[in-house]
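All remarks here apply to the structure that follows.
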Amino acid sequence: MPPHQVRKRLTTLCVLIIATFAIAPSAQQQPPRFGGAYSGLESRRQALVDNWVGRFVATTGLKMEPGPFYDEILSLSTKTTFDAVTHALLTTKLTDRSGASLGDALALVERLDSVRGEVAGVPGDRQFRLYVRLVSGALETLARSQQFKRAADNAVYHKGYPTNYREQSGVPSIQFSVALDGRQADIDVDYRRPTFPVALFNGHLTASNSDVRAGNNYDNHVNRWSGFQNWWRSFFGVRQERVPEEVAAANPLAGMRTPRVGRKNIDVMVQDFLNAWLVEGDIIAAMGYISERSYACLAQDSDNPADFDRGLAPVQLMIDMRSARESLGAHSSLDGLVVGTRLSAPGVRVIRQPNHAKFVIYSVPDDAAVRFDCESRLTLDDPSGVEREYGNYFGATFYVAGQRGYPVALLWSREDGYWKIISWKVGAEDEKAPPPEPVPEPTVARINADPTLVQAARGFLENWLVRKNYDAAFAYLSPKSYECYNLERREGEPAAPSPEEAGRKLRAALESAGKTVSTSRKLESMLSAADPVHPATRVMDHPFARVFSLTSIPNALADAAECSARAAGSTIPDPMPLEYGDGFGMTVRFKTRAGDAPVLRLLWRKEDNTWRVTSYGVELP
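Every letter in the sequence shown is one number past the one before it in my numbering, and letter 182, counting from 1, is 183.
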């Protein structure tokens, strides 16, 4: 960036900070009140909770009323998931081809079996969804409706629920994933449009895709389904009731870079950060404890984290911190304002310190810190290479103003001799809802792979990611795959007006993705296979099965996966003929330091006796 642009950007940043933080002291305010209560649900959604709790009580013998169960037992993420998904179902009206009413989508749900919000350590397709029993004939209603179509079945995600009915008209959209019995289902809302190649490198998207709280998902929700309230909006668990006023201030950047207490033990640093923020309202001093590395926690929810403006991240953070503190009102100390809460992550060790009642401090091993760290979710690397060592990271956990449902976890690491916050998470609670009813495990047949297909698949990946020979990699793509560019392009990118232009853009996307990955690396350190779980697929055994999966798929599934079929909205016949041999699937994902990223799906066919990729897509749970 030229020097004059740097100066201009810094000047803009200073002006924004001055305008934001020159705030006069405010009067004492009442603690914020949070919504999302059972009493706020309309009658049909209350009835689902009533039936769910009634069956739970009958099974366990425990005495529990639906209201207290929903309000006091369920976690925050469980309630936001139930609220968002049932609201989308309730406000989605179904009609047949003639326009005759088929009711709303919530009427397809007979009973609620479980709600899964955020669940630590499990894949994204087992979080942020409802597990339900559908009414008899629900699949027939979905098939008759104009609003839903049976899209390509779930091949990698939604194990045990292969049949996929997805709402049309783009994202956000409701997805019904249904078991083979036609009655058990998991239902979620997909808020993100998976794009190639951007989505491949964001290890957070597999969870945030269906979490209404993440990024701009709430805005997308209300733009599609009106009348939904953001009752959970908060910063570090504190409800933000109003926007700060703007008056004059001086020298706002002073003290932002270093903690004011100097190089002290971690417990002293945590206490002074909370004092500066919540008691004194000195946001500039509090920012001295926040590392620039933590800005990744703001970026990770973006569809393209690389586009996130980290230069303005401190402004956003300070606005949120000031607004949260103003919402809490004046307090003379941390006593009763923050309360320590326990963390159940494996490997962490509690540290004895005098403020244990206010915040609990843990020594966090390196391997656990990597999984927690926001920056790691955006860093391509093999997580298995991180060893279990202690002393480099600490965690601090607490909740604010009695909000047990909003536990805060801060990850601290040393920078220039100071302990600083490098990552945070709010609402990382243990799941308390009853588990869903089990579905039969799919039995997947295994066959030997065609060696020439294995050679082609590995050749494509080697040329693309290791040798950086993008022309050779592009040569594996059939012209039929070019039409997928318009289906998988980034939001805001213009559609390609011709197949030739789509091919040029696809070739450029391959090169852009390849340059994201460092050189002189082995595929095994960059990629991992995403094993298919669809019962109709035949998994192919081959020497590189840990790096990428190959499958023989039913011809009907292969035909529905073609770019032209997807663009035309083609559906899969039901029942699906189990005929094979025309198309073969490949699934692979990039490794990030915090876990696996979304899945890249490729369809291989033979053209003129040569293996070519005829379709591709990025799959989110």
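Glycine included, every Cβ here is placed at the ideal spot set by N, Cα and C.
TODO: Round the Cβ separation of Gly341 and Ala358 to the nearest angstrom and send it over; I've been treating them as touching at under 8 Å.
DONE: For the purposes of this step, residue 341 is taken as the residue at position 340 of the sequence shown. For the purposes of this step, residue 358 is taken as the residue at position 357 of the sequence shown. About 6 Å separates the two Cβ atoms, so the contact holds.
Open item on the list: In the DSSP assignment, the alpha helix (DSSP H) including Asp367 goes from what residue to what residue?
Closed with: As a working note, residue 367 is residue 366 in the sequence shown. Looking at the DSSP string, the run of the alpha helix (DSSP H) that includes Asp367 is Asp367 to Phe373.
Open item on the list: Check this for me: beta carbons of Ser40 and Gly62, under 8 Å apart or not?
Closed with: In the sequence shown, residue 40 corresponds to position 39, counting from 1. In the sequence shown, residue 62 corresponds to position 61, counting from 1. By the CB criterion at 8 Å, Ser40 and Gly62 fall outside the cutoff.
Task: Local conformation of Gln147 per DSSP, three classes - done: Your numbering for residue 147 matches position 146 in the sequence shown. In the structure shown, Gln147 adopts coil according to DSSP, grouped into three states.
Task: C-alpha distance - Gly403 paired with Ala569, whole-angstrom precision - done: The residue you call residue 403 lines up with position 402 of the sequence shown. The residue you call residue 569 lines up with position 568 of the sequence shown. Going by the C-alpha atoms only, they are around 53 Å apart.
Task: Top-ranked residue by Cα proximity to Ser553, from Gly586, Leu107, Pro574 and Arg323 - done: Counting from 1 along the sequence shown, the entry for residue 553 is found at position 552. Comparing Cα positions, the closest option is Gly586.
Open item on the list: So, for Val280: in the same chain, excluding its five sequence neighbours on each side, which residues have a beta-carbon less than 8 Å away from its beta-carbon?
Closed with: Counted from its first residue, the sequence shown places residue 280 at position 279. Only His332, Ser333, Ser334, Leu335 and Leu338 meet the Cβ criterion.
Task: CA nearest to the CA of Asn449, picked from Pro443, Met541, Lys516 and Phe461 - done: The count along the sequence shown starts at 1 and reaches residue 449 at position 448. Residue Met541 is the option with its Cα nearest to Asn449.
TODO: Starting from Ile284, trace the alpha helix (DSSP H) both ways and give me its first and last residue.
DONE: Position 283 of the sequence shown, counted from the start, is the residue given in the question as residue 284. Ile284 to Met288 is the span of the alpha helix (DSSP H), which, as asked, contains Ile284.
Open item on the list: For His5 and Met288, what's the separation of their Cα atoms in angstroms?
Closed with: What you label residue 5 is simply residue 4 of the sequence shown in a count that begins at 1. What you label residue 288 is simply residue 287 of the sequence shown in a count that begins at 1. In this prediction, His5 has a pLDDT of 42, which is less than 50 and means its spatial position is unreliable; nothing more can be read from the coordinates.
- [ ] Flag this pair as yes or no: are the beta carbons of His600 and Ser482 separated by less than 8 Å?
- [x] On the sequence shown, residue 600 is found 599 positions in, with the first residue counted as 1. On the sequence shown, residue 482 is found 481 positions in, with the first residue counted as 1. First, the residue type needs correcting, since residue 600 is Val and not His in the sequence shown. Going by beta carbons, Val600 and Ser482 fall outside the 8 Å limit.
Open item on the list: Can you find the residues in the same chain that come closer than 7 Å, C-beta to C-beta, to Ser479, ignoring five residues on each side of it along the sequence?
Closed with: Locating residue 479 in the sequence shown gives position 478, counting from the first residue. Same-chain partners within the cutoff: Glu608, Arg613, Val614 and Thr615.
Task: Rounded C-alpha distance that separates Asp472 from Arg590 - done: Position 471 of the sequence shown holds residue 472. Position 589 of the sequence shown holds residue 590. Distance between the alpha carbons of Asp472 and Arg590 is about 22 Å.
Task: Enclosing alpha helix (DSSP H) for Val316 [first to last residue] - done: One-based indexing of the sequence shown puts residue 316 at position 315. It spans Ala314 to Leu329 - the alpha helix (DSSP H) in which Val316 sits, taken as one unbroken run.
TODO: Please classify Arg169: is it buried, with 16 or more other beta-carbons within 10 angstroms of its beta-carbon, or exposed?
DONE: Here residue 169 is taken as the residue at index 168 of the sequence shown, counted from 1. For the record, residue 169 in the displayed sequence is Gln; it is not Arg. Exposed is the call here.
Open item on the list: On the DSSP bridge list, what partners appear for Thr615?
Closed with: Counting from 1 along the sequence shown, the entry for residue 615 is found at position 614. By DSSP's assignment, Thr615 forms no beta bridge with any residue.
- [ ] Name the residue from Pro578, Gln185 and Asn276 whose alpha carbon lies nearest to the alpha carbon of Arg112.
- [x] One-based indexing of the sequence shown puts residue 112 at position 111. The shortest C-alpha separation from Arg112 is found at Gln185.
TODO: Might you give, ordered along the chain, the residues of its own chain that have their beta carbon closer than 6 Å to the beta carbon of Leu254, omitting 5 neighbours on each side?
DONE: Mapped onto the sequence shown, residue 254 falls at position 253. Confidence at Leu254 is low in this model, with a pLDDT of 42, below 50, so the placement of that residue should be treated as unreliable; the coordinate-derived value is given next. Close CB contacts of Leu254 within its chain, under the 6 Å cut and outside five residues either way in sequence, are absent.
Task: Beta-carbon proximity list for Arg311, same chain, < 6 Å, skipping 5 on both sides - done: Mapped onto the sequence shown, residue 311 falls at position 310. Listed in chain order, the non-local C-beta contacts of Arg311 below 6 Å within the same chain comprise Tyr296, local neighbours out to five positions each way being set aside.
- [ ] Would you list the residues sitting across from Leu77 in a DSSP beta bridge?
- [x] Reading the sequence shown from its first residue, position 76 is the one you call residue 77. As far as DSSP is concerned, Leu77 takes part in no beta bridge.
Open item on the list: Gly396 and Phe363 - do their beta-carbons sit closer together than 8 Å?
Closed with: Taking the sequence shown and counting its residues from 1, one reaches residue 363 at position 362. Taking the sequence shown and counting its residues from 1, one reaches residue 396 at position 395. The residue you asked about is not Phe; residue 363 is Tyr in the sequence shown. Yes, they are a contact pair.
Task: Distance, Val86 Cα to Met65 Cα - done: Mapped onto the sequence shown, residue 65 falls at position 64. Mapped onto the sequence shown, residue 86 falls at position 85. One alpha carbon belongs to Met65, the other to Val86, and they sit about 24 Å apart.
TODO: Would you decide whether Gln456 is buried or exposed? Buried here means 16 or more other CB atoms lie within 10 Å of its CB.
DONE: The residue given as residue 456 occupies position 455 in the sequence shown. Label assigned to Gln456: exposed.
Open item on the list: I'd like to know whether the C-beta atoms of Tyr166 and Lys150 end up nearer to each other than 8 Å.
Closed with: Along the sequence shown, one-based indexing puts residue 166 at 165. Along the sequence shown, one-based indexing puts residue 150 at 149. The beta carbons of Tyr166 and Lys150 sit closer together than 8 Å.
Task: Sub-8 Å separation of Ala180 and Val548 beta-carbons - done: Mapped onto the sequence shown, residue 180 falls at position 179. Mapped onto the sequence shown, residue 548 falls at position 547. The answer is no: Cβ separation not under 8 Å.
Task: Backbone secondary structure at Ala559 - three-state DSSP - done: As a first step, residue 559 is located in the sequence shown; it is residue number 558 there, counting from the start. In the structure shown, the three-state DSSP call for Ala559 is helix.
- [ ] Give the straight-line distance between the Cα atoms of Ile423 and Lys160, rounded to the nearest whole angstrom.
- [x] Position 422 of the sequence shown, counting from 1, holds the residue named residue 423. Position 159 of the sequence shown, counting from 1, holds the residue named residue 160. Each residue's CA atom was taken as its position, placing Ile423 and Lys160 some 35 Å apart.
Open item on the list: From the DSSP secondary-structure annotation, give me the bridge partner or partners of Tyr166.
Closed with: As a first step, residue 166 is located in the sequence shown; it is residue number 165 there, counting from the start. Tyr166 is bridged to Arg151 and Phe177.
Open item on the list: I'd like to check one pair, Pro578 with Ala557: are the Cβ atoms closer than 8 Å?
Closed with: Residue mapping note: residue 557 aligns to position 556 of the sequence shown, counting from 1. Residue mapping note: residue 578 aligns to position 577 of the sequence shown, counting from 1. In contact: Ala557 and Pro578 (Cβ atoms closer than 8 Å).
- [ ] Would you mind working out which of Thr82, Leu551 and Pro260 sits nearest Asp208, comparing C-alpha positions?
- [x] Position 207 of the sequence shown, counting from 1, holds the residue named residue 208. Before going further, note that residue 208 is Ala rather than Asp in the sequence given. Of the listed residues, the one whose Cα sits closest to Ala208 is Thr82.
Task: Lys592, buried or exposed, once every other Cβ within 10 Å from all chains shown has been counted against 16 - done: Within the sequence shown, numbered from 1, the residue matching residue 592 stands at position 591. Buried, by the Cβ-count rule.
Open item on the list: Between Phe399, Trp226, Pro435 and Ala314, which has its C-alpha nearest Val172's C-alpha?
Closed with: Numbered from 1 along the sequence shown, position 171 holds the residue referred to as residue 172. Ranking the options by Cα distance to Val172, first place goes to Trp226.
TODO: Would you mind listing the alpha helix (DSSP H) stretches within the region 465-502 that are 4+ residues and don't spill past its ends, in chain order?
DONE: Runs found: 471-475 and 485-489.
Task: Whether Pro195 touches Glu620 by CB criterion (8 Å) - done: For the purposes of this step, residue 195 is taken as the residue at position 194 of the sequence shown. For the purposes of this step, residue 620 is taken as the residue at position 619 of the sequence shown. Result yes, Cβ atoms of Pro195 and Glu620 sit closer than 8 Å.
Task: Cβ shell of Gly104 (< 7 Å), same chain only, five flanking positions each side left out - done: The residue you call residue 104 lines up with position 103 of the sequence shown. For Gly104, where only same-chain residues beyond five positions count, the Cβ hits under 7 Å are Leu95.
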